[in-house]
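Have a look at the structure below, then the notes.
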Amino acid sequence: MSRKLTAALVGNPNSGKSALFNALTGARQKIANYAGVTVERKAGRLALPSGEPVELLDLPGSYSFDAASPDEAVTRDVVKGTFEGEAVPDVLVIVIDAANLEQHLVFAQEVLELGRPTVVALNMVDLAERDGLTLDPAALSEALGVPVIPTVAVRRRGIEELRAAIAEAETHAHEEAHTRWHLTLPERRLSAKHMARGAILSKSTRHTIENGVDRILLNPWIGPVILFGLLFVIFQAVFAWATPFADALEGGVGAMSEGVIAAMGPGLARDFLTEGVLAGVGSVVVFLPQIVILFAFILVMEASGYMARAAFLMDRLMAGVGLSGKSFIPLLSSFACAIPGIMATRSISDPKDRLTTILIAPLMTCSARLPVYAVIIAAVIPQTTVGPGVGLQGLVLFALYVAGIVGAMVVALVLRSTVTKGTASGFIMELPRYQMPRIRDLAIGLWQRAWVFLRRAGTIIFMATIALWVLLSFPQAEPGESQLDASYAGVVADTLHPVLEPVGFNREMSLALVPAIAAREVAVSALATTYAVDAEDEEVAAQGVTEKIAALWSLPTALAFLAWFVFAPQCLSTIAVARRETNGWKWPTVMVVYLFALAWVAAGATYWIAVSLGL
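Just so we're aligned, residue 50 is where the sequence shown starts under the working numbering, counting upward by one.
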């Protein structure tokens with residue numbers, strides 16, 4: 050039986066490789082890690098016009114075979130056939146950004162020097178045309194000596210032509226290939242400039258307009274003000290825009306709880322539904338609007354091209370603590386979840402830079418913390434304004450995010466001065482062109498993130514909440530005895546409380562930290578379930594967790610709880626990924642220990658200062 054033919058997509062970052070891979074393979078994809086390294090292996094099934102299957106690899110973006118990162122090393126080794134256990138690709142597909150020919154052709158020539166069957170996908174030609182560039186693919190094909198296929202991956206333009214070109218190249222996969230490319234790097238750059246000029250028939254002043262915008266957004270003084278102003282607006286919107294939808298969801302959960310009470314007689318089954326499922330999981334689901342609004346802003350920033358500019362702006366700040374702008378993208382990804390953020394550090398070439406970024410990624414406020422912040426802020430911070438269009442609740446939320454960023458920068462400075470000592474590495478980044486986000490892409494992105502949130506609520510959060518409900522419900526309390534005191538969960542709370550009482554935590558807060566290790570949002574459902582089980586009557590039990598916290602917690606206690614979650618370690622999955630990315634338990638252990646220590650100190654300082662001020 051003959052082996053399956055393989056093809057590989059190669060090219061610079063931001064060339065549209067992933068979009069082209071999705072267009073060529075559809076849902077027939079498999080993602081794993083390359084054996085022995087933590088670099089992602091993305092493979093899919095490509096069907097040629099004849100119906101013959103080909104395994105298509107989407108290799109990590111690379112600027113050169115002179116690898117400067119683990120990602121680039123994998124691309125080099127796979128393409129050259131030196132990666133153990135990986136077949137040499139029969140056909141190479143070089144993906145080039147049509148509006149950035151000169152830069153992308155430098156690496157293309159290095160690939161062509163291998164003399165392998167090759168096809169060039171001249172991608173994103175629609176954006177090049179929008180920018181006023183008129184291209185001649187035939188002239189570029191003649192200059193390179195290989196087929197050049199214009200494509201628009203996101204709209205599936207040129208996909209069938211590309212399949213046909215891959216099939217044609219595949220027929221010559223085992224024939225002897227020749228190449229005329231044997232150039233030094235300066236020669237490649239000069240050659241790329243000449244070929245780019247030969248392929249561009251005409252151009253307009255569109256780039257001049259974008260450069261004018263960049264002179265404002267990338268200004269070292271104005272740019273950061275605009276960036277932080279935008280972030281401030283985002284966090285104001287998270288509260289102001291989401292409140293009506295969150296209130297509606299909370300009312301729906303309350304109505305369902307009342308319906309269950311009315312339909313069922315007293316007993317464990319009814320308690321399970323009202324105190325466990327609805328009070329616990331329902332208390333987290335109501336914060337779906339905040340999650341959606343936050344990600345809507347993030348997706349628009351990414352799709353418009355502004356996110357890369359934000360990384361460029363942050364390079365100066367990163368350099369001040371011994372990192373580079375390369376660390377910004379992984380850290381920014383950590384605002385969604387630290388897991389992809391930690392995995393994104395693979396693109397950082399300097400190992401000490403990469404390790405430092407991994408260790409501080411959990412300090413970025415992930416979306417799982419948002420329900421915790423939202424419920425506590427709504428309970429203890431008045432819904433008042435402190436200026437035109439500036440709500441106090443949104444201001445506090447913004448301050449929590451800033452506290453995480455400042456904490457990360459301080460920790461990075463300490464690490465880079467001690468255990469990961471070194472200087473900041475250089476930062477080169479290609480800025481994508483500005484474009485209007487596509488509504489369909491935004492809708493898909495929001496749905497994916499909402500589904501992830503709801504799936505967590507229906508799996509991890511549900512299981513952790515039910516487990517806590519069982520621990521809270523048994524053994525049953527004697528008449529006149531608190532159910533929390535009588536339960537197994539009460540024993541756990543009593544064990545932890547002496548450590549946390551000095552920083553202002555009550556027993557319910559101490560207990561909530563245990564299931565929160567599974568997922569940060571579980572802290573909300575844990576509090577809701579605990580108060581529901583321990584309530585003296587069903588009317589109190591049916592109240593939302595926000596109302597219970599507002600009635601039972603002091604302001605210093607609530608602020609201490611918020612401070613704890615700014616610094617506390619994230620979920621078990623994050624720790625497991627950190628272990629995999631650092632190849633051992635040493636650095637994840639360091640990460641967990643220092644984060645718990647920071648959380649205790651931050652919570653204590655917040656509580657003690659608040660009490661001393663008479664809050």
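Every residue, glycine too, gets a C-beta built ideally from N, C-alpha and C.
Quick caveat, the model's predicted, so the values are computed rather than measured.
Using the C-alpha atoms, what's the distance from L279 back to D146? The sequence position of residue 146 within the sequence shown is 97, counting from 1. The sequence position of residue 279 within the sequence shown is 230, counting from 1. Looking at the two C-alpha atoms, the distance is approximately 29 Å.
Which of helix, strand or coil does DSSP assign to M50? Looking up residue 50 in the sequence shown gives position 1. Bear in mind that a pLDDT of 42 at M50, under 50, signals an unreliable position, so the number given afterwards is only what the model happens to contain. Three-state result, M50: coil.
Excluding the five sequence neighbours on either side, which residues of its own chain have a C-beta within less than 8 Å of the C-beta of L232, listed in chain order? Indexing the sequence shown from 1 puts residue 232 at position 183. Hits under 8 Å: Q158, E162, S240.
Option nearest D139 by Cα separation, candidates V160, P166, D115, E121: Position 90 of the sequence shown, counting from 1, holds the residue named residue 139. Minimum Cα distance to D139 is reached at P166.
Roughly how many angstroms separate the alpha carbons of D175 and A218, rounded to a whole number? Taking the sequence shown and counting its residues from 1, the one referred to as residue 175 is at position 126. Taking the sequence shown and counting its residues from 1, the one referred to as residue 218 is at position 169. Inter-residue distance for D175 and A218 is about 25 Å (C-alpha atoms, whole angstroms).
Length of the line joining the Cα atoms of F384 and Q619: For the purposes of this step, residue 384 is identified with residue 335 of the sequence shown, where counting begins at 1. For the purposes of this step, residue 619 is identified with residue 570 of the sequence shown, where counting begins at 1. In this structure, the straight-line span from the alpha carbon of F384 to that of Q619 is close to 12 Å.
In three-state terms, what does DSSP make of E104? Position 55 of the sequence shown, counted from the first residue, corresponds to residue 104. Reduced to three states, the DSSP call for E104 is strand.
Work out the CA separation of V287 and L412 for me, nearest whole Å. Residue 412 sits at position 363 when you count from the first residue of the sequence shown. Residue 287 sits at position 238 when you count from the first residue of the sequence shown. Rounded to whole angstroms, the gap between the alpha carbons of L412 and V287 is 20 Å.
Please list, in chain order, all residues of the same chain as R358 whose beta carbon is under 8 Å from its beta carbon, the five residues on each side excluded. Here residue 358 is taken as the residue at index 309 of the sequence shown, counted from 1. Excluding sequence neighbours, R358 sits near D263, L266, L267, G272, L480.
Close beta carbons around S416, own chain, < 6 Å, minus the five adjacent residues each side: Translated into positions along the sequence shown, residue 416 becomes position 367. Within the same chain, and ignoring the five residues on either side of S416 in sequence, the residues whose Cβ sits closer than 6 Å to its Cβ are I340, A385.
Please report the straight-line C-alpha distance between F447 and F284, rounded to a whole angstrom. By one-based count along the sequence shown, residue 447 stands at place 398. By one-based count along the sequence shown, residue 284 stands at place 235. Between the alpha carbons of F447 and F284 lies a distance of about 6 Å.
When you compare each of L576, L562, T578, A568 to G645 by their alpha carbons, which one comes out closest? Translated into the one-based positions of the sequence shown, residue 645 becomes position 596. The sequence given here has Phe at residue 645, not Gly. It is L562.
Would you call the CB atoms of G303 and G593 closer than 8 Å? Position 254 of the sequence shown, counted from the first residue, corresponds to residue 303. Position 544 of the sequence shown, counted from the first residue, corresponds to residue 593. Yes, the pair counts as a contact, with Cβ atoms nearer than the cut-off.
Check for me: the beta strand (DSSP E) holding A170 runs from which residue to which? Stepping through the sequence shown from its first residue, residue 170 is reached at position 121. A170 -> beta strand (DSSP E) spans 167-172.
Apart from the five residues on each side of it in sequence, which residues of its chain come closer than 6 Å, Cβ to Cβ, to P665? There is no way to answer for residue 665, as the model of the chain reaches only from 50 to 664.
Is F70 near the ligand MG, judged by its Cβ being under 7 Å from some heavy atom? For the ligand MG, the structure offers nothing, since it holds no ligand at all.
Assign T469 to one of two classes, buried (16 or more other C-beta atoms within 10 Å of its C-beta) or exposed (fewer than that). Taking the first residue of the sequence shown as position 1, residue 469 is located at position 420. The residue is buried, with at least 16 neighbouring Cβ atoms inside 10 Å.
Please report how far the alpha carbon of A567 lies from the alpha carbon of L533, in whole angstroms. Your numbering for residue 567 matches position 518 in the sequence shown. Your numbering for residue 533 matches position 484 in the sequence shown. Distance between A567 and L533, taken at the CA atoms: about 21 Å.
Below 8 Å on the Cβ atoms is my guess for G682 versus K66; work out the distance and round it to an integer in Å. With the chain represented from 50 up to 664, any question about residue 682 goes unanswered, as that position is not in the structure.
Are S353 and Y483 closer than 8 Å when you measure CB to CB? Numbered from 1 along the sequence shown, position 304 holds the residue referred to as residue 353. Numbered from 1 along the sequence shown, position 434 holds the residue referred to as residue 483. Taking 8 Å as the Cβ cut-off, S353 and Y483 qualify as a contacting pair.
According to the Cβ coordinates, are F685 and V333 closer than 8 Å? Any answer about residue 685 is impossible in this case: the structure gives the chain only from 50 up to 664.
Spatial neighbours of I425 in its chain, beta-carbon cut-off 7 Å, leaving aside the 5 residues before and after: Residue numbering aside, residue 425 sits at position 376 when the sequence shown is read from its first letter. Here the set comprises I598, A607, F610, L611.
With 16 as the cutoff for other CB atoms within 10 Å, does N260 come out buried or exposed? The sequence position of residue 260 within the sequence shown is 211, counting from 1. Flag for N260 reads exposed.
Start and end residues, alpha helix (DSSP H) containing D296: Position 247 of the sequence shown, counted from the first residue, corresponds to residue 296. Note, D296: alpha helix (DSSP H), 292-312.
Hey, how far is the Cα of A659 from the Cα of L69? On the sequence shown, residue 659 is found 610 positions in, with the first residue counted as 1. On the sequence shown, residue 69 is found 20 positions in, with the first residue counted as 1. So the two alpha carbons sit approximately 55 Å from each other.
Look up Y83 in the DSSP assignment and say whether it is helix, strand or coil. Mapped onto the sequence shown, residue 83 falls at position 34. Annotation note: pLDDT 48 at Y83 (below 50); position unreliable, no value reported.
So does the segment 368-377 actually touch the segment 396-406, counting three or more Cβ pairs closer than 8 Å? They touch, by the three-pair rule.
Measure the Cβ-Cβ separation of I143 and V160 and say whether it is below 8 Å. Taking the sequence shown and counting its residues from 1, one reaches residue 143 at position 94. Taking the sequence shown and counting its residues from 1, one reaches residue 160 at position 111. Yes; because the gap between Cβ atoms is below 8 Å, this pair is in contact.
Along the beta strand (DSSP E) that carries I515, what are the first and last residues, could you check? What you label residue 515 is simply residue 466 of the sequence shown in a count that begins at 1. Taken as a continuous stretch (DSSP letters only), I515 belongs to no beta strand (DSSP E), being part of the alpha helix (DSSP H) at 509-522.
Please work out which residues of its chain come closer than 8 Å, Cβ to Cβ, to L250, disregarding the five sequence neighbours upstream and downstream, and give them in chain order. In the sequence shown, counting from the first residue as 1, residue 250 sits at position 201. Closer than 8 Å at the Cβ level, and outside the excluded window around L250, lie T183, L184, D185.
Is I510 closer than 8 Å to V582 when the C-beta atoms are compared? As a first step, residue 582 must be located in the sequence shown, where it is residue number 533. As a first step, residue 510 must be located in the sequence shown, where it is residue number 461. Result no, Cβ atoms of V582 and I510 do not sit closer than 8 Å.
Kindly indicate which three-state DSSP category G494 falls into: helix, strand or coil? Locating residue 494 in the sequence shown gives position 445, where the first residue counts as 1. Of the three classes helix, strand and coil, the one that applies to G494 here is helix, per DSSP.
Three-way DSSP call (helix, strand, coil) for T434 in this model: Indexing the sequence shown from 1 puts residue 434 at position 385. Correct three-state label for T434: strand.
Residues bridged to G539 by DSSP? For the purposes of this step, residue 539 is identified with residue 490 of the sequence shown, where counting begins at 1. DSSP, once it has assigned bridges, lists no residue as partnering G539.
If you draw a straight line from the alpha carbon of L662 to that of E351, how long is it in whole angstroms? By one-based count along the sequence shown, residue 662 stands at place 613. By one-based count along the sequence shown, residue 351 stands at place 302. Distance between the alpha carbons of L662 and E351 is about 42 Å.
For the candidate residues P269, L322, G325, A192, whose alpha-carbon lies nearest to that of A245? For this step, residue 245 is matched to residue 196 along the sequence shown. If we check each option's Cα against that of A245, A192 comes out closest.
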